[in-house]
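In what follows, a structure is listed as structure tokens, so that the remarks can point back to it.
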Amino acid sequence: MRLKVTLYLEVISSWCFWALPAWSELQKRYTGRVDFDWKIALMDPTGLPATREQSEWFYRRSGTMMRSPFMLNSGWFEPGSKEYLAPNLVAEAARDFGIVDDRIWTAIARAALREGQQVGKWEVAAAVGAQAGNFDKTKLLERARSAKVEARARASTAEFLALQVTQRPTFVIESEIGDRVVLSGIATLPPLVATIDAMLEDLAAYESHAAHFGAPPT
Numbered sequence: 194m195r196l197k198v199t200l201y202l203e204v205i206s207s208w209c210f211w212a213l214p215a216w217s218e219l220q221k222r223y224t225g226r227v228d229f230d231w232k233i234a235l236m237d238p239t240g241l242p243a244t245r246e247q248s249e250w251f252y253r254r255s256g257t258m259m260r261s262p263f264m265l266n267s268g269w270f271e272p273g274s275k276e277y278l279a280p281n282l283v284a285e286a287a288r289d290f291g292i293v294d295d296r297i298w299t300a301i302a303r304a305a306l307r308e309g310q311q312v313g314k315w316e317v318a319a320a321v322g323a324q325a326g327n328f329d330k331t332k333l334l335e336r337a338r339s340a341k342v343e344a345r346a347r348a349s350t351a352e353f354l355a356l357q358v359t360q361r362p363t364f365v366i367e368s369e370i371g372d373r374v375v376l377s378g379i380a381t382l383p384p385l386v387a388t389i390d391a392m393l394e395d396l397a398a399y400e401s402h403a404a405h406f407g408a409p410p411t
């Protein structure tokens, strides 16, 4: 029996960036026992800073909460932008080139939030993504700007909204026995580990019962 963890993220979200160490550790800790995937959950204007100054205020708050030795860089911010499609769709487009791990979206996130690169611009996001994935920027950019890739990102965003949560990152943990836990706005390891361990214990109990009693009588 398997467990699956899905991470809903916005590439330029500061809290998704802060959650990266926990996300990486989960994948190492549960290799072979848990399936991991990520999906895009685009932010609308209600989730984006209105000004660069506001962004920096949020960064000071989250940075101190996470005990970070550095402050995030707000140089990516573009006044008037209502949505940042480029960084998210470039990450999503990489799937079509066989890259389903975290290397593209995390590279773009670091370029934005550590280096202040304006990844809201298609050329910038594609350049970062192509370098991280070691493939042609022009092809990646073309795929990222396709209607098919945008439709996938819109669909996964709709899935996220259907969870009736508002915070990114959101972790959805599901098992084959029908258990499901949604942790929204969590960026640290302990609650995720506690939840996964508890759900793995339940799966082990079901497997033990099946070994002793087989399928239920009809």
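Residues 194 to 411 in our numbering are what the sequence shown spells out, letter by letter. For each residue, glycine too, the CB sits at the ideal point set by N, CA and C.
Report the three-state DSSP secondary structure of residue 229 (helix, strand or coil).
-> Three-state result, residue 229: strand.
Residue 370: buried (16+ other C-beta within 10 angstroms of its C-beta) or exposed?
-> Around the C-beta of residue 370, fewer than 16 other C-beta atoms lie within 10 Å, and the residue is accordingly described as exposed.
Please list, in chain order, all residues of the same chain as residue 328 whose beta carbon is under 7 Å from its beta carbon, the five residues on each side excluded.
-> Annotation for residue 328: 290 place their beta carbon closer than 7 Å to its own, counting only its chain and skipping 5 residues before and after.
Which runs of the alpha helix (DSSP H), 4 residues or longer, sit entirely within the stretch 338 to 372?
-> Entirely contained in the stretch 338 to 372, the alpha helix (DSSP H) runs reaching 4 residues are, in chain order, 340 to 355.
List the whole-angstrom C-beta distance separating residue 358 from residue 375, where the pair is believed to meet the contact cut-off of C-beta under 8 Å.
-> That belief holds up - the Cβ atoms of residue 358 and residue 375 are roughly 6 Å apart, short of 8 Å.
Check the C-beta distance from residue 346 over to residue 282 and give it rounded, since I have them as a contact under 8 Å.
-> Correct: roughly 6 Å between the Cβ atoms.
So what's residue 197 in DSSP terms, helix, strand or just coil?
-> Strand.
Pairwise C-alpha distance: residue 244 and residue 270 | Our two residues, residue 270 and residue 244, have alpha carbons roughly 8 Å apart in a direct line.
Residues near residue 326 by beta carbon distance below 6 Å, same chain, minus five either side | Same-chain partners within the cutoff: 287, 292 and 297.
When the Cβ atoms of the stretch 298 to 305 are set against those of the stretch 246 to 261, are three or more pairs found closer than 8 Å?
-> Verdict: no, contact absent.
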